[in-house]
Amino acid sequence: LLKEMVSSADEHPGIEILKSAELSKLDGTWGNFRSLVSVEGEAREIRHGAVIFAVGGQEIKPEGYLYGENPNVISQREFERLLYHKEKKIAALETIAMIQCVNCRNEKHPYCSRICCTHAVKNALKLKELNPEADICVFYRDIRTYGFYEKYYREARDKGVLFIRYEPEDNPQVRAKNGGLELTFLDRIIGEKMSLNPDLLILSNGIEPYHNERLADIAGLELNRDGFFAEANPKSAPLDSVDRGKYFCGICHSPNLMENVICQGKAAAIRAAVLLWGELGEFSDIRVFVNERLCAGCGICVSVCPYSARVIDELSNKARVIDELCKGCGTCAVSCPNGASEQYDFERKTMLRVIDRMLV
1 LLKEMVSSAD
11 EHPGIEILKS
21 AELSKLDGTW
31 GNFRSLVSVE
41 GEAREIRHGA
51 VIFAVGGQEI
61 KPEGYLYGEN
71 PNVISQREFE
81 RLLYHKEKKI
91 AALETIAMIQ
101 CVNCRNEKHP
111 YCSRICCTHA
121 VKNALKLKEL
131 NPEADICVFY
141 RDIRTYGFYE
151 KYYREARDKG
161 VLFIRYEPED
171 NPQVRAKNGG
181 LELTFLDRII
191 GEKMSLNPDL
201 LILSNGIEPY
211 HNERLADIAG
221 LELNRDGFFA
231 EANPKSAPLD
241 SVDRGKYFCG
251 ICHSPNLMEN
261 VICQGKAAAI
271 RAAVLLWGEL
281 GEFSDIRVFV
291 NERLCAGCGI
301 CVSVCPYSAR
311 VIDELSNKAR
321 VIDELCKGCG
331 TCAVSCPNGA
341 SEQYDFERKT
351 MLRVIDRMLV
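Read in order, the letters of the sequence shown are residues 1 to 360 in the working numbering.
Here it is in structure tokens:
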């Protein structure tokens with residue numbers, strides 16, 4: 001399916017795919033963006049009305065648990081490849097252990113990557129299909145099979161997959177012993193240390209941003225505390241940047257399941273299409289204007305505007321509003337020491353009349 005879509009896009013007369021390309025500069029406003037792109041070492045300027053960022057993320061490399069030291073310790077992604085390409089080898093395994101939240105939900109990566117538990121449960125069920133007698137133990141902090149994937153967690157329990165909870169300060173310990181592995185853990189029910197000897201240890205690792213800082217600096221995007229692109233509003237504009245005309249989707253926005261990533265991609269495309277069609281091409285109903293007689297050109301309003309909708313006119317040395325960018329938030333109006341910036345329909349005289357009327 002993916003190959004067909006890529007092929008269709010490559011052959012479409014209205015789509016141009018630039019390979020080995022890197023964005024070096026982005027400026028302008030919605031409807032009139034200008035991008036400088038390096039394509040195989042050659043600079044190219046592209047004019048466009050909207051931009052969608054879908055740069056993805058990267059796998060968090062597992063650390064500890066003898067990963068990289070013992071061939072019988074692999075990541076969940078590596079196990080998935082073996083599961084679907086070397087079924088006979090995997091079906092011969094008798095005891096398998098999985099450890100969730102490896103290098104996740106800690107100080108460096110405090111968020112949940114959403115996919116780890118679902119993939120672990122899915123792979124455990126696949127292994128049970130190949131070998132119903134296999135002993136599978138999943139060590140977890142919290143099982144987070146989002147949405148309707150909870151039913152697969154219940155199915156895994158019904159088929160004999162053991163789920164053993166651990167706390168981060170007392171996580172399972174792994175060591176090499178007699179050519180194999182020994183995994184020691186605390187059984188929270190009986191309150192004693194126990195051990196098992198898995199044939200294979202699988203580490204469920206999460207997702208982290210893929211160097212979003214540089215792109216955010218080039219494109220004027222904001223990052224959240226975890227390093228993913230920050231939306232304008234998580235409820236009403238979950239795929240929109242603060243700057244109109246800039247959208248993002250997929251894992252660069254947040255870790256997510258594949259079907260949600262696909263939905264985000266479609267939604268971002270629709271948002272951009274509607275903007276280009278002109279449906280959203282109207283300015284904010286509440287905008288700000290400058291009384292040039294009062295403006296001293298101090299530049300305070302320019303420095304506080306969160307949408308970069310303010311500039312100082314070089315000829316008049318007065319503040320000027322860029323209507324296409326102005327959202328009418330009023331930050332400039334409250335910061336202006338001379339009262340030169342005011343919002344339409346919320347002028348001082350109007351507000352004073354309203355107050356006088358209320359006090360009558």
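From the three backbone atoms N, C-alpha and C, an ideal C-beta is built for every residue, glycine too.
Rounded straight-line distance, which links the Cα of residue j to that of residue i
i: T29; j: C305; result: 15 angstroms
i: P168; j: H253; result: 27 angstroms
i: H85; j: K3; result: 20 angstroms
i: M358; j: T350; result: 13 angstroms
i: E78; j: R320; result: 57 angstroms
i: G68; j: H211; result: 24 angstroms
i: E208; j: D226; result: 8 angstroms
i: G49; j: V242; result: 16 angstroms
i: E150; j: R141; result: 16 angstroms
i: F229; j: I17; result: 24 angstroms
i: S335; j: I322; result: 18 angstroms
i: N197; j: G64; result: 17 angstroms
i: G250; j: L82; result: 26 angstroms
i: R348; j: E314; result: 28 angstroms
i: K193; j: Y166; result: 12 angstroms
i: L125; j: Q173; result: 25 angstroms
i: G206; j: W277; result: 38 angstroms
i: S35; j: E259; result: 30 angstroms
i: F346; j: L352; result: 10 angstroms
i: G160; j: E133; result: 9 angstroms
i: E292; j: P337; result: 14 angstroms
i: R105; j: Y111; result: 5 angstroms
Buried or exposed by the 16-neighbour rule on C-beta atoms within 10 Å, applied to residue i
i: Q58; result: exposed
i: R310; result: buried
i: R114; result: buried
i: V6; result: exposed
i: V383; result: Any property of residue 383 remains undetermined from this structure, which presents the chain solely from 1 to 360.
i: E279; result: Confidence at E279 is low in this model, with a pLDDT of 48, below 50, so its placement is unreliable and the value that follows should be read with caution. Exposed: under 16 other Cβ atoms inside 10 Å.
i: E231; result: buried
i: F53; result: buried
i: I90; result: buried
i: V73; result: buried
i: G147; result: exposed
i: V360; result: exposed
i: A362; result: In the structure displayed, the chain extends from 1 to 360; residue 362 sits before or after that span and is not available.
i: P13; result: exposed
i: A9; result: exposed
i: R44; result: exposed
Close Cβ partners of residue i (< 7 angstroms) along its chain, the five nearest in sequence each way excluded
i: A120; result: Q76, M98, Q100, V138, S204
i: K177; result: none
i: C332; result: V288, C301, V304, C305, R310, S341
i: D170; result: L186
i: I143; result: C117, Y153, F163
i: G265; result: A54, C249, G250
i: R188; result: R165
Nearest-angstrom beta carbon gap, residue j and residue i [assumed within contact, 8 angstroms]
i: L183; j: S195; result: 6 angstroms
i: L239; j: F248; result: 6 angstroms
i: V55; j: L215; result: 7 angstroms
i: A340; j: L294; result: 4 angstroms
i: V288; j: G328; result: 6 angstroms
i: D135; j: E107; result: Contact doesn't hold; Cβ gap of about 34 angstroms is too wide.
i: C307; j: L325; result: What sits at residue 307 in the sequence shown is Tyr, not Cys. Y307 to L325, Cβ: 5 angstroms. Contact.
Other residues of its chain near residue i: CB distance less than 6 angstroms, five sequence neighbours each side excluded
i: A21; result: V37, V39
i: N317; result: G297
i: P255; result: S113, R114, I207
i: N131; result: A91
Same chain, Cβ closer than 8 angstroms to residue i, five either side skipped, listed in chain order
i: E80; result: H119, N123
i: I312; result: G297, G299, V302, K318, A319, R320
i: F33; result: L26, D27, R47, H48, G49, A50, V51, G245
i: G281; result: Bear in mind that a pLDDT of 49 at G281, under 50, signals an unreliable position, so the number given afterwards is only what the model happens to contain. Closer than 8 angstroms at Cβ, skipping near neighbours: G31, L275.
Let me know the beta strand (DSSP E) ranges lying completely inside the region 56-103, each 3 residues or longer, listed in chain order.
57-59, 73-75, 95-102
Threshold first: 3 residues or longer. Then list the beta strand (DSSP E) segments lying entirely within the region 303-347, N to C.
310-312, 319-321, 341-343
Unbroken beta strand (DSSP E) runs of length 3 or more, entirely within the region 147-192: which are they?
162-165, 173-177, 180-187
So within the region 222-304, which uninterrupted alpha helix (DSSP H) runs reach at least 4 residues, ignoring any that extend past its ends?
258-277, 300-304
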